[in-house]
Amino acid sequence: MRLPTDQKVYLVLVASASAGTFATFVTGIQPGIIAPVLSALIILVGNFAVFRAAASAIGKVHAVQGLGAVLTVGILSELLGLYTGFPFGTYRYNEAWAPVLPMPGNHFFPLMLPLAWTMVVGAASLSASRAAEPFSRRAWLISVLSVALLATAVDFAMEPVMVDALGYWTWRGPTHGFSAPWQNAVGWFFVSAIGCLPLTARLAGAKNKIESGAGTLVLAGHLVVMSAVAATHTHVGNSRMTLVGVAVLSYLWISQAMKGLLQRKKSEVPVG
94 MRLPTDQKVY LVLVASASAG TFATFVTGIQ PGIIAPVLSA LIILVGNFAV
144 FRAAASAIGK VHAVQGLGAV LTVGILSELL GLYTGFPFGT YRYNEAWAPV
194 LPMPGNHFFP LMLPLAWTMV VGAASLSASR AAEPFSRRAW LISVLSVALL
244 ATAVDFAMEP VMVDALGYWT WRGPTHGFSA PWQNAVGWFF VSAIGCLPLT
294 ARLAGAKNKI ESGAGTLVLA GHLVVMSAVA ATHTHVGNSR MTLVGVAVLS
344 YLWISQAMKG LLQRKKSEVP VG
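Here it is, written out as structure tokens:
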């Protein structure tokens with residue numbers, strides 16, 4: 094199978110980031126500005142890959158609207174969380190996730206944060222959505238729940254890396270083995286579910302084939318980078334084991350979703 098150029102570029106960036114992480118671990122040479130630039134490029138190219146795949150299924154206008162909804166919900170939920178502790182819990186972003194925007198109350202807001210939300214939830218939407226002609230409300234709701242579960246599982250893998258290894262944000266209060274409070278998982282589930290509503294609705298009624306593989310590739314690449322960082326930071330501790338477990342479960346879930354989609358498409362092909 095030939096991959097589109099955007100997905101090839103994404104894989105090259107993921108491989109470069111992972112290799113660079115291990116190179117730093119072995120040599121002790123710090124990457125300097127290369128690390129944040131590479132991180133930003135991965136998020137930007139990942140978003141483009143998600144957008145292109147969504148646009149091929151539902152059109153550019155609907156893709157912009159759907160991903161724009163994810164972006165907007167992500168921004169609003171993060172701003173609400175910073176100043177109220179709802180819905181994720183009480184936390185604070187550090188300057189490590191550059192570039193950051195200084196906010197009132199001595200807070201920082203990472204500029205790549207909303208795009209990271211869009212990439213994860215958008216990719217999960219592509220992976221979990223199944224087109225139904227005519228539109229099926231039941232299929233749509235199942236897709237929404239699946240996207241929310243998948244995005245939340247990915248966050249479980251991210252938290253130990255972002256908090257313990259990279260120091261991108263700090264939680265105030267008790268956390269579980271994944272370096273975050275349980276409230277964060279609940280918040281991720283509902284915010285992801287709300288954010289993906291317009292996009293999954295369009296995908297559920299898509300007349301063109303949904304490139305679920307694009308979403309799978311983006312999520313898998315993201316998990317590969319997270320795993321590379323976790324493996325090279327000893328102070329992440331036992332979280333590395335939980336990270337690997339969540340990554341494997343996420344991969345199996347995605348594979349099953351894709352298998353079901355392929356089987357459904359095959360059954361729709363007329364015989365004779």
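For our numbering, add 93 to where a residue sits in the sequence shown, where the first one is 1.
The beta-carbon is built from N, C-alpha and C at its ideal position, and this holds for glycine as well.
Check	Outcome
Pairwise C-alpha distance: S229 and G306	22 Å
Contiguous alpha helix (DSSP H) assignments of at least 4 residues, all confined to the segment 172-232	206-221
Per-residue burial, M255 [other beta carbons within 10 Å of its own, 16 or more giving buried]	buried
Stretch-stretch touch, CB-based, cutoff 8 Å, three pairs: the segment 262-277 with the segment 213-220	no
T293 - DSSP class collapsed to helix/strand/coil	helix
At least 3 beta-carbon pairs within less than 8 Å: the segment 149-159 vs the segment 298-318	yes
Cut-off 7 Å between Cβ atoms - residues of its own chain near V107, not counting five sequence neighbours on either side	I135, G314, V317, V318
Outcome for F282 when other beta-carbon atoms lying within 10 angstroms are tallied against a minimum of 16	buried
From T325, C289, V311, V322, residue whose alpha carbon lies closest to that of Q100	V311
Distance, P192 Cα to I122 Cα	22 Å
Of the listed residues A110, I235, F271, nearest to I126 (C-alpha basis)	A110
Under 7 Å between C-beta atoms of T120 and T325	no
T263 - containing beta strand (DSSP E), residue span	262-264
Pair within 7 Å by beta-carbon distance, A189 and Y261	yes
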